[in-house]
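Notes follow once the structure below has been shown.
Residue numbers (our numbering), protein chains in the order written: chain A, 75 to 434; chain B, 222 to 550.
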């Protein structure tokens, strides 16, 4: 005991000495590093902080916080007088952050003469006037790839929910009806013929998943894809006639607006199911509603609608439809990845570095 | 006695005897077909079969419809039964010990329902993680325009899937989740050779290493409440559980507590411990999906079952090997 104590006493000064000198060195290094990095950080930051970024609508809390930290953020949706606001800040707004419901149309672009970049928190760019952007040299970025899995997962989830009536089952159990009888038969999913409109990243990811359910895959797109084993249909009517489940997974362009019309719906028929995880205007909604109400179409799983967030009320009473509030990419993981891409694109642009995911 | 013997000899049916064992409400679409090839003995036939009690004593083959229990007492009433054809994926409704003692062979639905149950398991998992049914409710109640943004879900792709029971259904569940870039691990009584997935001898360890725990094993004495408090704790706040097996595989009371306290991420149930009773605490939760034990109920499944049963009845009477026979070891 004594020995231990005396040893401790003896060693104490030396330890504290080491400690002192070490911590001194550490502090010195730290202060150099800090002041240095702080300087460059400050420099970088002050430059960025003065850049006006216009966020079109609330889309993600993390993105909003980070934009607020890094830039001079304007929240468009909180402005009571928008045209006055635009005139007042026309000289400082150099970037617009939009999403699938609010982007940058011709009017907005004209109102912002200093606009350099539109960074969209979405993969689809149908709310952005791309031609105008190109003409004015405004850069446009989106968030591809990071949401591919989520949208494909949800497409399969909707197929299963519609065919196997999962949401209807859940409603049935919650209402207490199970105690009074048995639930009806539903339709098998495995082995069904899946037809995909648009075989891009999302379309391919849906195909890969559906194949694991032994589904046969066919597709329609502008042109036949090389090195793809799935059956190609040049005509969308033919595709619809030869599948049980038709999925919309293409980009919304003037050519693909109402690509699913009455003829296509009738070709899909009373046993067919339509899944839309693309954009509302891909489908002629009044025609879809009447086909569902009249039983000319077997069912539908819809994540998107023509006039979001308005959904045709005639659909609310139908058991063979599943209606979602545009949540194709709505997972915590993916929204964070998308937000990081938006931030990364803006920072790259203003630091004169190559954009991460440029479109224009 | 002598007279009745003579009479029954005179009236011995020419077609083989097939005993149907069922709850009155359970029927199969191919019953009429069976009547054309066999002397069908059905306690619940309408009109009643006057000679049921008499002939059923000599029936060698029983077709059990749905989860109708076959007890030792039932087997006493039908002493000539040598084989029971089941029509369920599970076999917990059979007194297997009694069957073993009497040398009775037993079959299940084999692979007839496997695709449908596996599909359903994946559908429930996507529903729970991506909040499909809850979001569908949100839209139908007209809440979207008022609230704009719906609560974010959690990603399905890339999650770690733990499968309890890697039989006909389990490996189909694995195959499907692999296409979502999910990693697969499993627990079963024995390690399976020829299976590339990591094996966990212990369910608690499997739960520690899973985000999605799918229950699709048979209910036996050993698997009763196999998902208990320990397993749920290990699965944790972000984990979800999917049950397409049997209600009693999970300690339901405990799971309900975990869900209420938010100590588990969510759950999808096709089965419950006391069906059709569903714990009322679950009805208000948005992170659970409830289904009335119907993972197998598609016309395609029934067609596959019909094919299997008819071929097995035929195989039995022509002394050929049965399909989907259960090992009674």
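Beta carbons: idealized from backbone N, C-alpha and C, even for Gly.
For residue 407 of chain A, the chain B residues whose C-beta falls within less than 8 Å of its own C-beta are 375 and 376, listed in chain order.
For residue 317 of chain A, none of the residues of chain B pass the 8 Å Cβ criterion, the least Cβ distance being about 17 Å.
Assignment of residue 317 of chain A by DSSP, reduced to helix, strand and coil, places it in the coil class. Under the three-state reduction of DSSP, residue 203 of chain A is assigned to coil, being neither helix nor strand. Taken through DSSP and simplified to helix, strand or coil, residue 519 of chain B comes out as coil. Buried is the label assigned to residue 376 of chain B, since at least 16 other Cβ atoms lie within 10 Å of its Cβ. Boundaries for residue 549 of chain B: no beta strand (DSSP E) harbours it, and the DSSP string shows neither H nor E there. Inter-residue distance for residue 360 of chain B and residue 398 of chain A is about 6 Å (C-alpha atoms, whole angstroms).
In this model, residue 326 of chain A and residue 388 of chain A are separated by some 25 Å (Cα to Cα). When 7 Å is used as the limit between beta carbons, residue 243 of chain A is near these residues of chain B: 512, 513 and 515, in chain order.
Within chain B, the C-beta atoms nearer than 7 Å to that of residue 261 of chain A come from 519, in chain order. The three-state reading of DSSP puts residue 376 of chain B in coil, since its state is none of H, G, I, E or B.
Residues of the region 211–237 of chain A that bring their beta carbon within less than 8 Å of a beta carbon in chain B comprise 223, 224, 226, 227, 228, 230, 231, 232, 234 and 235, in sequence order. In this structure, the alpha-carbon of residue 313 of chain A lies about 9 Å from that of residue 338 of chain A. At a cut-off of 8 Å between C-beta atoms, residue 504 of chain B counts as an interface residue with respect to chain A. Using a Cβ-Cβ cut-off of 8 Å, residue 285 of chain A counts as an interface residue toward chain B, since at least one Cβ of chain B sits closer than that to its own. Residue 259 of chain A is a Cβ neighbour of residue 519 of chain B, given a cutoff of 8 Å. Rounded to whole angstroms, the gap between the alpha carbons of residue 260 of chain B and residue 308 of chain B is 19 Å. Leaving aside the five residues that flank residue 193 of chain A on each side, the residues in its chain whose CB is nearer than 7 Å to its CB run, in chain order, 169, 171, 215, 416, 419 and 420. Counting C-beta pairs with one atom in each stretch, the region 270–280 of chain B and the region 291–306 of chain B have three or more that are closer than 8 Å, which means they touch.
An exposed status is given to residue 412 of chain B, since fewer than 16 other beta-carbon atoms sit within 10 Å of its beta-carbon.
The DSSP-derived three-state label of residue 383 of chain B is strand. The region 353–438 of chain B contains, as complete beta strand (DSSP E) runs of 3+ residues, the segments 381–385, 404–408 and 433–436 (chain order). Residue 236 of chain B is classed as exposed because its beta carbon has fewer than 16 other beta carbons within 10 Å across all chains shown.
Not a single CB atom of chain B sits nearer than 8 Å to the CB of residue 198 of chain A. For residue 293 of chain A, DSSP records a beta bridge to A:270 and A:306.
With fewer than 16 neighbouring CB atoms inside 10 Å of its own CB, residue 123 of chain A falls in the exposed class. By a beta-carbon distance limit of 8 Å, residue 186 of chain A does not contact residue 205 of chain A. Their separation comes to about 17 Å.
For the pair residue 315 of chain A and residue 341 of chain A, the CB atoms are nearer than the 8 Å cut-off.
Counting only the Cα atoms, residue 272 of chain A lies some 12 Å from residue 308 of chain A. For residue 373 of chain B and residue 478 of chain B, the gap between their C-alpha atoms comes out near 24 Å.
For residue 417 of chain A, the enclosing alpha helix (DSSP H) begins and ends at 406–424. Taking a contact as a CB-CB distance under 8 Å, the pair residue 311 of chain B and residue 440 of chain B counts as one, their CB atoms being some 6 Å apart.
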